[in-house]
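Take the sequence shown: its letter number 131 is residue 150 in this note's numbering, and every next letter is one higher. Cβ atoms here follow ideal geometry from the backbone N, Cα and C, with glycine treated the same way.
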Amino acid sequence: RPRCRAGMREARYPLAAARVQRDQARQKAEDALRTARASLRDAELAVEAVRGACRAHDARRARALSPSGGPGEGTRASAEELARCGVYAARLQIESGRLAQQLAAAQARVMEQARAVRLAEMAWQQAYAEREALERHHARFRESERKAAERAYELEVEERIQHKHVLARS
């Protein structure tokens, strides 16, 4: 008889379906976290690449703007050479600005990806907590079902005992 009640109760409490759902949610959260961490790594590598380009550009700029005359050479440069150096310096300045924009964009991307990682971690923790809560709830459910079955058995035994006493008196 308690077996039938448990069967009826199981239909109202689909544990297997709930476990599958929670496991899928947890797995999805783990995948999202893994993807977010990979994107963060990629963004950090992009920042380092842009920083390397900035360092290389700064070295080129320093060489271009340093005086090229050695000791004993005349320090006067021709107008053509000065114009060429001026155009080159202007081009380097424009390139420097472009690299600064790229660096700022790459750093913003790192911040965005770091936030995405934090959100993915929170989602994973939530999914994990929900899975654990389901297991704890099911453990309490099983315990209450066990106690209800024991109580039903005790009531049935008491009822039979009383029924025997009633029959014995008659």
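Going by Cα to Cα distance, which pick from L84, A124, K47, L118 is closest to Y107? Of the candidates L84, A124, K47, L118, L84 places its Cα closest to the Cα of Y107.
Less than 7 Å between C-beta atoms, sequence neighbours within five positions excluded: which residues of the same chain meet that for E131? Excluding sequence neighbours, E131 sits near nothing in its chain.
Note the first and the last residue of the continuous alpha helix (DSSP H) segment covering S163. 98-188 is the span of the alpha helix (DSSP H), which, as asked, contains S163.
Kindly give me the distance between the Cβ atoms of V66 and Q126, rounded to whole angstroms, as I take these residues to be in contact under 8 Å. Correct: roughly 6 Å between the Cβ atoms.
Own chain, CB closer than 8 Å to L118, minus 5 neighbours either side, in chain order: Excluding residues up to 5 positions away in sequence, V69, A72, C73, H76 lie with their Cβ nearer than 8 Å to the Cβ of L118 in the same chain.
V176, buried or exposed, once every other Cβ within 10 Å from all chains shown has been counted against 16: Per the 10 Å Cβ criterion, exposed.
Which residue's Cα is closest to the Cα of A81: A48, E49, L111, L101? Proximity to A81 across A48, E49, L111, L101 peaks at L111, based on C-alpha coordinates.
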